[in-house]
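Engineer: Numbering of the sequence shown is given in UniProt numbering, commencing with residue 1 and proceeding in unit increments.
Questions regarding the structure given below will be posed in turn.
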Amino acid sequence: VLAEKRSLGSRDGPPHLVVLVLLHSRAAAHDSLRLLQSQDSAVVHTDEGSKAGGFALLCPRLKQRWRFVTAQAGDLHAVLDLAKVADSLLFILDPADGWDSTGEHCLSCLFAQGLPSYALAVPGGSDLPPKKRIDARKKLAKAIEKRFPEDKLFPLNTEQESSLLLRHLSTQKQRHIAFRDRRAHLLAYAAEFVPGQESNLVGTLKVSGFVRGQTLNVNSLVHIVGHGDFQISQLDAPPDPLSLNPRVVKGQKKSQDMEVQDDSANGADEMEEDIKVLMKANPSKQESLQSEVVPDPMEGEQTWPTEEELQEAEDALKASRRVVKVPKGTSKYQAAWIVDDGEEGSEKDDDDYDEDDDIDDDLMEEAVSQEGESSEEEPGEEESETMTVPESLRDDQYDEKMEEDEQMLEKYKQERMDEMFPDEVDTPRDVPARVRFQKYRGLKSFRTSPWDPKENLPRDYARIFQFQDFSRTRKNLFRQIEKEETEGASVGWYITLHVCNVPASVMESFREGKPLVLFSLLPHEQKMSVLNFLVRRHPSNSEPVRAKEELIFHCGFRRFRASPLFSQHTSADKHKLERFLRPDAGLVVTVYAPITFPPASVLLFKQRSNGTHDLIATGSLLSVDPDRIVIKRLVLSGHPFKIFAKMAVVRYMFFNRDDVMWFKPVELRTKWGRRGHIKEPLGTHGHMKCQFDGQLKSQDTVLLSLYKRVYPKWTYDPHVPEPVPWVRSESAVPEQEVEME
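Spelled out as structure tokens, the structure:
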């Protein structure tokens, strides 16, 4: 512990990275940065080439060096990306309110992602009289105690107070975030883009920065946060721009020792002088970028047909020939296309009725049918006339908002119906139930009945990777990281990475002032599989969220878009599908995504129509397991028509005799706890005689449960659009939350 504390910010370790997070619109970073720069005998390197506004502070007397970077609370992606690599966060509060609604949202996301070491600074308030100043501090401490119950507030108005704050940042205990401690990572200090020979849009990105976390191997892949996975071609060792004992080259002026860092222009010059090549990638040992398996549709076993089978096929073909009247001169090929009158419309496509893959499909079908009926009843177009409408009446935006409200109202209704009648659907009248529910099966017991995890897998499962024993692979990998020494750039080295085949948009975003964060990937972490996250609904969000809606995931160091499944979190081998994200219980979210070794935090966002991202759930990575069985349940309901002791006649569950015979083996249950089975059908309209283990009540409902395994949709998209900054309000009521370790 002592060695770790001494290495951070020292000559041998990386600079102490401090990220300033402004939690209120009235909080200004300029005065705080100016005070932090005014340290005795400190050398300041300003990031003039960067729009983010930051600087490096070197104190040879204290043998410490810091790098300060500013992040606005409204820029959510920048705050979360910088918090992934920061050693300390410095929250800048308002002396009156603490933080506003945007700051509250930012804190919620940071607590869920994993909070590094932090400090609370309060600039301003010095213009108040001493008595009112004390009252204001007490009021502020009371307002923030729900989020930070035992943390000290540091005033930041004088040079002495800023030096006390710096001392606190350098001596406080460092908090560990598990997903970054096991991977090498760095924040770009300088970058240069070299276009490729074939295209200017793709080229080599030379990124310079200090290695943190673990040793960086040139043969491993790197993930540029928000942009994807890439290979490294070589590692260079340029001179350290933030050295505590800078080298003086002959013929160089002393004024150049306090060189100003420029991320775009000066970074390129710095790379060209005194560059040593550390390592070059070995193609035989380099990790592949392959993320999916390319399935071969002809890979299955095929046998050549025997003579008997060929003869049977020929006889069947002769038997199927028919005699039809054709016009003179018609060829055999043309005659084959002539259809008899009786044949038209005889065939039906089974896929028309297989709409079960969409969650809550039956409710949607009802809504569509109601819309269709209403549209049929509409009268014909009336005579119209032209008239001038004042500008105030033509408010298109207001109408668009009303349409959104109607869609949200429909979602609320569906969520309410699912709570009142879980999984219940109406038996269709126009389609036989045995056709409509042909993919479903009955189970004697949902808990104990067997279900083969390899049965009837979808084609997408041919594209993913699966571990024979995921937990053992993870344990061996982490043991190897802790015990074995990896070749490469050690922690604290200032290096330049040559990242291959990077799009030019990465450099453009860096020039705009957005942070460029790189993480090295562990083996297999570029490959696609099925990830399961354990999440809980965030208290700030109450809108209904249906399964298979597109959500934005922030999982560890990755962010991506996907359409997840929701299921119950149980210890059984089968897990029931949930149609909506429940507010009162933890649920498991299942998606196709690249493999990530837990522990890793996860944040779920939903993009609004105006471009903002709402935090809807937080949690952690549970497992990487394609064999986790998610079962969708459908419940058909019927009503007792006549009751004779333990026998009853049930109607409205089916509407023809064949359906009753088809579902006869499936066990029945009632809402009042009776169990039974179908004895025989009565008549031809779906009435059936049923026997139960006790006498039914007339107000009871008979239920028949059917089950089907469901899989997530392959909608993985690694490109997440930048969120629109939140609209600030002056103050926010803080809510207590559990921090994800």
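Every residue, glycine too, gets a C-beta built ideally from N, C-alpha and C.
Suppose you measure from the CA of PRO428 to the CA of ILE631; what does that come to, to the nearest Å?
Structural biologist: For PRO428 and ILE631, the distance between alpha carbons rounds to 22 Å.
Engineer: On the DSSP letters alone, give me the boundaries of the beta strand (DSSP E) that ASN501 sits inside.
Structural biologist: It spans 494-503 - the beta strand (DSSP E) in which ASN501 sits, taken as one unbroken run.
Engineer: Between the segment 63-83 and the segment 12-26, do at least 3 Cβ pairs fall closer than 8 Å?
Structural biologist: These segments touch.
Engineer: Exposed or buried, LYS348, counting other C-beta atoms within 10 Å across all chains shown (16 or more means buried)?
Structural biologist: Bear in mind that the predicted position of LYS348 carries a pLDDT of just 41, short of 50, making it unreliable; the figure below should be weighed with that in mind. Counting Cβ neighbours within 10 Å, LYS348 comes out exposed, since fewer than 16 surround it.
Engineer: Can you name the residues that DSSP bridges to TYR716?
Structural biologist: Paired residue(s): none; TYR716 is not in a bridge.
Engineer: Relative to the alpha-carbon of TRP662, which residue among LEU704, GLU410, VAL19 has its alpha-carbon at the smallest distance?
Structural biologist: Cα-wise, what sits closest to TRP662 is LEU704.
Engineer: Determine the direct distance from the alpha carbon of VAL44 to that of MET258, and round the result to whole angstroms.
Structural biologist: Confidence at MET258 is low in this model, with a pLDDT of 33, below 50, so its placement is unreliable and the value that follows should be read with caution. Answer to the nearest angstrom: the Cα atoms are 7 Å apart.
Engineer: Might you give, ordered along the chain, the residues of its own chain that have their beta carbon closer than 7 Å to the beta carbon of LYS689, omitting 5 neighbours on each side?
Structural biologist: The answer, listed in chain order, is MET647, VAL649, LYS679, GLU680, LEU682.
Engineer: In angstroms with no decimal places, state the Cα-to-Cα distance between GLU722 and THR612.
Structural biologist: Taking the straight line joining both Cα atoms gives about 9 Å.
Engineer: Leaving out five residues before and five after LEU82 in sequence, what residues of the same chain have Cβ atoms less than 8 Å from its Cβ?
Structural biologist: Only VAL19, VAL69, ALA71, LEU187, PRO515, VAL517 meet the Cβ criterion.
Engineer: State yes or no: is the C-beta of LEU128 within less than 8 Å of the C-beta of LEU153?
Structural biologist: Cβ atoms of LEU128 and LEU153: not closer than 8 Å.
Engineer: Figure out for me which residue from SER88, THR496, GLU578, ASN532 has the closest Cα to the Cα of ILE275.
Structural biologist: Closest option to ILE275, Cα to Cα, is THR496.
Engineer: Mind checking THR684: buried by the 16 CB within 10 Å criterion, or exposed?
Structural biologist: Counting Cβ neighbours within 10 Å, THR684 comes out exposed, since fewer than 16 surround it.
Engineer: Which one of ASP625, GLU487, ARG651, LEU244 has the shortest CA to CA distance from LYS285?
Structural biologist: The candidate whose alpha carbon is nearest that of LYS285 is GLU487.
Engineer: Can you look up GLN212 in the DSSP assignment and give me helix, strand or coil?
Structural biologist: Going by the sequence as given, residue 212 is Arg instead of Gln. It is a strand residue.
Engineer: PHE566 and LEU551: beta carbons closer than 8 Å?
Structural biologist: Going by C-beta atoms, PHE566 is not nearer than 8 Å to LEU551.
Engineer: Is it the case that the Cβ atoms of ASP460 and TYR592 are separated by a distance below 8 Å?
Structural biologist: Their beta carbons are under 8 Å apart, which means ASP460 touches TYR592 by this criterion.
Engineer: Can you find at least 3 beta carbon pairs, one from the segment 169-186 and one from the segment 199-215, that sit closer than 8 Å?
Structural biologist: Segments in contact, yes.
Engineer: How far does the beta strand (DSSP E) with GLY103 in it reach, from first residue to last?
Structural biologist: No beta strand (DSSP E) holds GLY103; the alpha helix (DSSP H) holding it covers 101-113.
Engineer: Under 7 Å Cβ to Cβ from SER346, same chain only, skipping five residues before and after it: list those, please.
Structural biologist: Note on SER346: pLDDT 39, under 50, position unreliable in the model; the coordinate value appears next. If we look at SER346 and ignore the five residues flanking it on each side, it has no Cβ neighbours.
Engineer: As a quick exercise: from PHE644, LYS325, ALA190, pick the residue whose alpha carbon is nearest that of PHE510.
Structural biologist: Among PHE644, LYS325, ALA190, the Cα nearest to that of PHE510 is on ALA190.
Engineer: So, for LEU603: in the same chain, excluding its five sequence neighbours on each side, which residues have a beta-carbon less than 7 Å away from its beta-carbon?
Structural biologist: The answer, listed in chain order, is CYS109, ALA112, GLN113, HIS554, LEU615, THR618.
Engineer: Determine the closest residue to SER471 out of SER623, ASP700, LEU140, with distance taken between C-alpha atoms.
Structural biologist: Measuring from the Cα of SER471, the nearest candidate turns out to be SER623.
Engineer: Expressed to the nearest angstrom, what Euclidean distance is found between the alpha-carbon atoms of ARG674 and ARG657?
Structural biologist: When rounded, the distance between both Cα atoms is 24 Å.
Engineer: Determine, using beta carbons only, whether SER10 and LYS63 come nearer to each other than 8 Å.
Structural biologist: In this structure, LYS63 lies closer than 8 Å to SER10 by Cβ.
Engineer: Name, in chain order, the residues that DSSP records as bridge partners for TYR118.
Structural biologist: TYR118 is bridged to LEU89.
Engineer: DSSP three-state call for ALA462: helix, strand or coil?
Structural biologist: In the structure shown, ALA462 sits in a helix (DSSP, three-state: H, G or I).
Engineer: With distances taken between CB atoms, is the gap from residue 754 to CYS106 smaller than 8 Å?
Structural biologist: The requested residue 754 is not part of the displayed model; the chain covers only 1 to 741.
Engineer: Evaluate ASP296 with the Cβ neighbour count: other Cβ atoms within 10 Å of its Cβ, from every protein chain shown; 16 or more gives buried, anything less gives exposed.
Structural biologist: So ASP296 counts as exposed.
Engineer: What is the residue span of the alpha helix (DSSP H) that ASP659 lies within?
Structural biologist: ASP659 -> alpha helix (DSSP H) spans 657-662.
Engineer: Rank VAL635, VAL530, PRO665 by C-alpha distance to the C-alpha of THR701 and give the top, closest one.
Structural biologist: Checking every option, the nearest Cα to that of THR701 belongs to VAL635.
Engineer: Any idea which residues DSSP pairs ASP94 with across the strands?
Structural biologist: Beta-bridge pairing links ASP94 to GLY98.
Engineer: Can you tell me where the alpha helix (DSSP H) with ASP135 in it begins and where it stops?
Structural biologist: Its alpha helix (DSSP H) spans residues 130-144.
Engineer: Please classify VAL435: does DSSP put it in a helix, a strand, or coil?
Structural biologist: It is helical.
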